[in-house]
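Protein chains in written order, with full-length UniProt numbering: chain A, 1 to 330; chain B, 1 to 330; chain C, 1 to 330; chain D, 1 to 330. Cβ atoms here follow ideal geometry from the backbone N, Cα and C, with glycine treated the same way. Down below is the structure, laid out as structure tokens.
Number of protein chains: 4
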Amino acid sequence: MNNLKFKEKVDMDFVAIGRAAVDLNPNEINRPMEESATFTKYLGGSPANITVAMAALGMETGFIGRVADDPLGRFVINYLKSRNIDTSNVVVDKSGAKTGLAFLEVKSPEDCNITMYRDNVVDLKVEVNDINEEYIKNAKALLISGTALADSPSREAVFACLEFARKHNTMVFFDIDYRPYTWKSAEETSIYYNLAAEKCDVIIGTREEFDMMEMLTNPKNKDDYVTAKKWFNFNAKIVVIKHGKKGSIAYTKEGGVITGAVFPVMPVKTFGAGDSYAGAFIYGLMNGLSIEESMELGAASAAIVVSSHSCSDAMPTLDEIRDFIKNYGK
Amino acid sequence: MNNLKFKEKVDMDFVAIGRAAVDLNPNEINRPMEESATFTKYLGGSPANITVAMAALGMETGFIGRVADDPLGRFVINYLKSRNIDTSNVVVDKSGAKTGLAFLEVKSPEDCNITMYRDNVVDLKVEVNDINEEYIKNAKALLISGTALADSPSREAVFACLEFARKHNTMVFFDIDYRPYTWKSAEETSIYYNLAAEKCDVIIGTREEFDMMEMLTNPKNKDDYVTAKKWFNFNAKIVVIKHGKKGSIAYTKEGGVITGAVFPVMPVKTFGAGDSYAGAFIYGLMNGLSIEESMELGAASAAIVVSSHSCSDAMPTLDEIRDFIKNYGK
Amino acid sequence: MNNLKFKEKVDMDFVAIGRAAVDLNPNEINRPMEESATFTKYLGGSPANITVAMAALGMETGFIGRVADDPLGRFVINYLKSRNIDTSNVVVDKSGAKTGLAFLEVKSPEDCNITMYRDNVVDLKVEVNDINEEYIKNAKALLISGTALADSPSREAVFACLEFARKHNTMVFFDIDYRPYTWKSAEETSIYYNLAAEKCDVIIGTREEFDMMEMLTNPKNKDDYVTAKKWFNFNAKIVVIKHGKKGSIAYTKEGGVITGAVFPVMPVKTFGAGDSYAGAFIYGLMNGLSIEESMELGAASAAIVVSSHSCSDAMPTLDEIRDFIKNYGK
Amino acid sequence: MNNLKFKEKVDMDFVAIGRAAVDLNPNEINRPMEESATFTKYLGGSPANITVAMAALGMETGFIGRVADDPLGRFVINYLKSRNIDTSNVVVDKSGAKTGLAFLEVKSPEDCNITMYRDNVVDLKVEVNDINEEYIKNAKALLISGTALADSPSREAVFACLEFARKHNTMVFFDIDYRPYTWKSAEETSIYYNLAAEKCDVIIGTREEFDMMEMLTNPKNKDDYVTAKKWFNFNAKIVVIKHGKKGSIAYTKEGGVITGAVFPVMPVKTFGAGDSYAGAFIYGLMNGLSIEESMELGAASAAIVVSSHSCSDAMPTLDEIRDFIKNYGK
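Okay, structure coming up:
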């Protein structure tokens with residue numbers, strides 16, 4: 001049990017809007033990327049990865065966005081389909097925009113970097129007219145990812161999704177996912193993150209991400225509870241603030257404070273931790289688990305994914321997560 | 001008496017953010033503009049004109065925005081000063097952006113057009129870092145004009161103003177002022193107008209402007225009361241919907257419906273009606289008049305301005321408005 | 001007699017490509033422009049003014065370029081027609097581009113400035129497909145103005161004109177007309193001015209303009225003869241280098257060095273001197289006068305124009321120039 | 001012996017300006033690219049590949065251009081160094097521009113496609129101020145590649161190279177390398193290709209590329225000799241026109257017409273044929289071989305490269321080419 005009430009009797013459990021991209025992971029790791037000769041391509045992009053995580057857990061999922069009209073775009077859409085994700089609301093963009101690319105670099109498990117290709121990127125071309133009100137009405141939950149707010153017309157498409165979700169009582173999850181390189185300034189980011197957060201039911205971010213959101217109106221605050229309370233005056237019911245290796249804390253509108261479990265492991269790389277966490281955490285909440293149990297699922301899923309070469313391909317099933325928890329530390 | 005409660009004991013009555021531009025009015029009128037040989041330059045721009053109207057009525061006023069670093073920018077700032085408007089928050093832009101120009105064309109009193117120069121326009125260069133939280137805290141009322149939402153960074157600067165105004169209980173007036181040529185699409189406009197309107201106490205627009213705002217979430221609605229009620233669920237106390245020559249109707253959060261007076265006159269041109277109306281209406285509300293009396297002031301001020309060659313230069317004093325009303329129809 | 005041989009038996013004497021714009025001259029002068037209340041509109045733009053000068057001298061002229069689809073564009077095209085200039089190759093641009101504006105400021109006869117509106121300017125929208133090979137073939141002379149090289153697609157349209165002119169033996173005059181504010185860098189300017197100058201028969205510029213052209217390949221040269229000689233290795237027959245009040249010097253491919261007359265006057269403003277000079281000088285060359293006589297016509301025409309309020313409206317007839325020369329100093 | 005006379009006693013044999021990029025070749029071929037899971041990264045970009053070809057043949061070479069300040073940029077510069085190519089004139093760009101990417105797709109040996117990443121691409125950021133006059137002066141030959149003319153500031157940098165090369169008698173090779181997707185229009189391409197070709201000593205292109213160059217001034221011509229002759233009136237000594245599988249024909253200023261050898265092979269893919277041809281052909285000319293012998297080297301080098309998985313890595317040595325010719329058909 002938790003404090004969220006989801007709609008019943010709709011077609012879809014979960015839809016996400018935003019970035020579906022390609023990761024190119026070096027096959028030769030623990031070295032500077034320029035010395036890696038070969039790369040494996042995977043689906044990438046935070047909301048796409050979270051959707052894959054949800055699908056791997058057995059949920060009925062769909063994706064809203066744009067893909068390029070080229071082989072990499074076809075790979076993205078084919079991959080989503082192969083994971084049983086509905087792509088009826090994925091538009092093939094004809095403007096010549098390109099699939100976002102992320103070349104990962106794993107110098108060591110703790111020293112990971114990304115070289116991003118985000119110029120004229122197709123995921124930010126999703127527009128208001130791509131958004132189907134019925135699709136959002138027919139989903140129990142909508143996930144928005146902060147990066148989709150970084151530029152027009154995607155920014156406006158996200159706000160349209162939020163309007164439709166509030167109108168039809170679709171639960172909104174906001175994964176802050178702040179990536180400074182996609183934004184013009186921290187001030188601009190702060191403005192749009194706040195406007196979006198006002199419309200969301202569950203907000204998930206790091207302490208640093210919430211600091212960025214408060215830079216204009218409450219720049220000195222470091223108090224999680226003050227941070228969370230602001231959003232309870234709008235539509236939020238749960239605010240999760242992540243403190244890195246110290247773990248995450250969930251605050252509820254009703255005054256609850258829940259500290260999440262952590263499962264330290266030796267990672268292959270740090271990528272994918274946040275997406276796998278979010279996917280399993282949301283799964284838990286949507287399936288009536290307590291917030292504490294949901295956070296445990298999230299932490300276990302993250303531990304599994306950082307131990308793997310990929311993000312999307314490694315998203316675990318519920319059995320795999322349960323097994324991991326059962327066997328952890330043994 | 002009306003339903004608005006303004007702060008007391010602050011430095012300033014009224015500040016506005018947005019467009020301060022130059023109108024070039026043909027001296028030879030009632031012909032196509034290409035046949036006009038000489039032009040007179042006036043201050044233009046809706047929020048600047050409303051501020052001039054407020055200043056002419058004796059209010060303590062200030063302006064927030066950017067002006068060009070050239071003779072036309074110096075004209076704008078000098079003109080504001082000459083009307084006793086505080087310009088301490090007007091930034092001289094150094095980027096090479098240009099003062100907006102509006103060449104008016106008066107083919108006949110009813111057939112008026114504008115040729116706008118809005119490329120690289122300086123009024124849309126105002127940015128979040130230009131906004132002084134103290135300045136907004138120290139004003140009883142803030143006016144925002146919809147055109148300032150048309151592009152970044154001005155769009156974000158307006159949202160920063162709204163954040164500060166709500167934080168400090170500064171009353172916010174929203175003059176919708178929709179000018180399609182400054183926007184990429186009606187969908188985009190609708191998104192930002194809605195986000196801004198949620199934060200405002202008084203919203204003033206035409207029926208067509210409210211239709212545009214409702215195009216995504218309530219496209220078939222033509223019912224003023226349905227329109228107004230949406231905003232009372234956010235922060236609005238008064239919503240004024242203008243129906244052209246039929247006059248305006250004000251709706252209040254408390255359920256009031258007030259139909260405004262109209263003063264038909266033979267106009268020289270149609271420009272300036274909305275700005276003079278807004279200025280005198282807000283003046284009335286800020287000075288404890290009833291909504292009905294405030295609307296009468298607005299209508300009379302508009303009738304005076306459309307009978308004149310200019311907008312800004314023609315903004316009347318309170319005595320002139322009172323005289324007009326007393327003598328109207330005699 | 002001079003060293004240029006023009007085609008015979010073609011329809012047109014002279015066509016120019018480039019900028020046809022609007023000047024807004026303050027009626028109240030000898031003060032900062034911000035203090036001028038009224039402005040008179042005139043045709044502006046160097047190649048348009050030179051064409052007006054040629055037409056005033058009785059030549060068959062035409063113009064190649066784009067005008068805005070608004071009252072100011074209609075003014076430009078109507079004005080050209082009123083001066084008997086063929087506008088069959090003037091395209092009405094539908095992209096929303098704007099007529100270039102020049103607000104003149106005359107603080108004193110020697111202290112004159114311009115505030116330019118050149119963002120999204122229509123004259124730089126002329127494109128290769130606008131250029132009619134037959135039109136250039138059927139003209140004795142083509143004038144190109146350096147400003148038309150400042151950006152694409154106008155830049156490419158000028159090079160297309162040059163290709164056609166060389167192919168059909170149309171005499172090419174190059175008025176360097178360097179205006180730094182229209183260019184990204186001096187290096188870029190130098191590159192394109194050199195590429196264009198290689199194709200021209202007569203090149204007219206100031207010493208400073210030729211310095212800019214030589215900045216990459218001969219940066220220390222100040223020797224006019226070295227400057228001129230470079231172009232005689234390509235297609236040039238005459239190179240005119242202007243030294244401000246000291247007058248101009250014409251160099252010929254055959255080794256001639258001709259110093260031009262000067263007619264000092266008390267000017268109203270400095271604008272228009274170059275255009276009126278170029279127009280009368282080219283007129284002389286096209287009508288079989290010597291270079292010396294042609295330079296005298298140019299200098300007299302310039303003296304007349306700087307004594308007037310406008311540029312285009314003041315372009316003199318041949319009789320007016322002859323009278324001026326006859327009476328000068330009496 | 002051939003009709004080119006190269007400078008002696010300079011530091012460098014050959015420098016090229018333009019594109020140094022990354023090719024990502026699928027390891028699983030003969031299928032749509034979206035079905036390829038892994039990719040190998042190679043140096044790509046026509047002028048870079050030609051320079052690698054020259055270096056493999058033992059010439060002293062250097063490269064002029066910009067690389068990204070990221071792992072892919074470091075790969076490019078490290079690879080050039082590893083092939084003994086001087087990189088003292090390769091600038092590390094700090095603007096955030098990206099290494100060009102080419103994802104190859106080999107559906108079958110004859111059905112090969114490329115997905116290009118060319119938005120905000122670093123190779124087009126090379127600018128006039130990057131060009132070192134001494135570097136060009138100290139090279140016997142300069143190669144320019146048409147793609148470097150596709151946008152500013154690279155376009156101007158190429159013209160600066162051409163100015164310096166002509167000034168210092170450095171032999172200029174022009175590899176037309178027309179890639180429509182990098183250009184705004186065929187008209188624009190034609191304009192700049194013609195302006196560049198006027199300055200070049202040897203011009204190499206396909207019949208289709210020369211058709212594009214002639215689209216404005218000689219649109220109906222299909223006669224190779226007419227095409228070649230135009231350039232002999234400027235600076236050209238050799239014009240090579242390629243007719244696909246029918247082979248290439250070289251025209252000389254002195255009237256020579258030389259038909260090149262062809263070595264049909266079963267290719268792995270079609271990529272790299274042009275670059276390897278150009279490299280070996282130029283090598284032959286610079287080493288005193290006849291045009292016919294040089295063309296034979298070029299054709300053999302191309303046959304070797306199309307039989308390999310990569311372009312740059314496969315560039316053959318002189319011995320390998322000689323062996324191939326000796327053994328061909330046996």
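Environment of residue i [buried if 16+ CB atoms lie within 10 Å]
i	result
alanine 226 of chain B	Just to set this straight, residue 226 of chain B is valine in the shown sequence, not alanine. The residue is exposed, with fewer than 16 neighbouring Cβ atoms inside 10 Å.
asparagine 2 of chain B	buried
methionine 266 of chain A	exposed
aspartate 86 of chain D	buried
proline 47 of chain D	buried
glycine 268 of chain B	Residue identity differs from the one stated: residue 268 of chain B is valine in this sequence, not glycine. Burial call: buried.
threonine 259 of chain A	exposed
residue 344 of chain B	The structure shown does not extend to residue 344 of chain B, since chain B spans only 1 to 330, so no value can be given for it.
proline 180 of chain D	exposed
glutamate 209 of chain C	buried
glycine 255 of chain A	exposed
For residue i, the residue or residues it bridges with in DSSP
i	result
glutamate 34 of chain D	Glutamate 34 of chain D is not bridged to any residue.
valine 202 of chain B	B:Phe173 and B:Ile238
cysteine 112 of chain D	D:Val106
valine 91 of chain B	B:Arg66
leucine 98 of chain C	Note on identity: in this sequence residue 98 of chain C is lysine, with leucine being the wrong assignment. The partner list for lysine 98 of chain C (beta bridge, DSSP) reads C:Val121.
aspartate 86 of chain C	C:Gly62
Per-residue contacts from residue i into chain F (C-beta, under 7 Å)
i	result
lysine 98 of chain A	Absence of chain F from the displayed structure is noted, the protein chains being A, B, C and D.
### Query
Any contact of the segment 142-156 of chain B with the segment 44-56 of chain B, i.e. 3+ C-beta pairs under 8 Å?
yes
### Query
At a cut of 8 Å, does the segment 96-110 of chain B reach the segment 30-47 of chain B through at least three beta carbon pairs?
yes
### the segment 215-222 of chain A in contact with the segment 188-198 of chain B per 3-pair CB rule at 8 Å
no
### Message
To be precise: take each residue of the segment 138-172 of chain C, compare its Cβ to all Cβ atoms of chain D, and keep it if any distance is under 8 Å. Which residues remain?
### Response
Ser152, Pro153, Glu156, Phe159, Ala160, Glu163, Phe164 and Lys167
### Query
Which runs of the alpha helix (DSSP H), 4 residues or longer, sit entirely within the segment 206-260 of chain A?
207-213 and 224-232
### Query
Just by C-beta distance, which residues in the segment 251-266 of chain C are closer than 8 Å to chain D?
none
### Message
Using a Cβ-Cβ cutoff of 7 Å, what residues of the segment 70-89 of chain A are near chain D? List them in chain order.
### Response
Asp70, Pro71, Leu72, Arg74, Phe75 and Asn78
### Query
Would you call the segment 316-329 of chain A and the segment 84-100 of chain A in contact, with 3 or more CB pairs under 8 Å?
no
#### Entry: Interface residues of the segment 188-209 of chain C facing chain D [CB-CB below 9 Å]
Glu188, Ser190, Ile191, Tyr192, Asn194, Leu195 and Glu198
### Task
With 8 Å as the C-beta to C-beta threshold (strictly closer), list the residues of the segment 116-133 of chain B near chain C in chain order.
Tyr117, Asp119 and Asn120
### Message
Ignoring anything shorter than 4 residues, give me the alpha helix (DSSP H) runs that lie fully in the segment 116-190 of chain D, in order along the chain.
### Response
133-137 and 154-167
### Task
Entirely within the segment 3-69 of chain B and at least 4 residues each: give me those alpha helix (DSSP H) ranges in chain order.
46-56
### Message
Measuring CB atoms only, is the segment 63-70 of chain A touching the segment 299-310 of chain A, in the sense that at least three cross pairs come out at less than 8 Å?
### Response
no
### Query
Using 8 Å as the threshold, is the segment 200-211 of chain C in touch with the segment 231-243 of chain C, meaning 3 or more CB pairs across them?
yes
### Message
Taking 8 Å as the cut-off, does the segment 121-129 of chain B touch the segment 155-175 of chain B (at least 3 CB pairs, one atom from each stretch)?
### Response
yes
### Query
If you pair each beta-carbon of the segment 18-25 of chain B with each one of the segment 307-315 of chain A, do three or more pairs fall below 8 Å?
no
### Query
When you check each C-beta in the segment 216-234 of chain C against every C-beta of chain D, which residues fall closer than 7 Å?
Leu216 and Thr217
### Message
Give me the subset of the segment 21-41 of chain A whose CB atoms are less than 9 Å from a CB atom of chain D, sorted by chain position.
### Response
Leu24, Asn27, Pro32, Met33, Glu34, Glu35, Ser36, Ala37, Thr38, Phe39, Thr40 and Lys41
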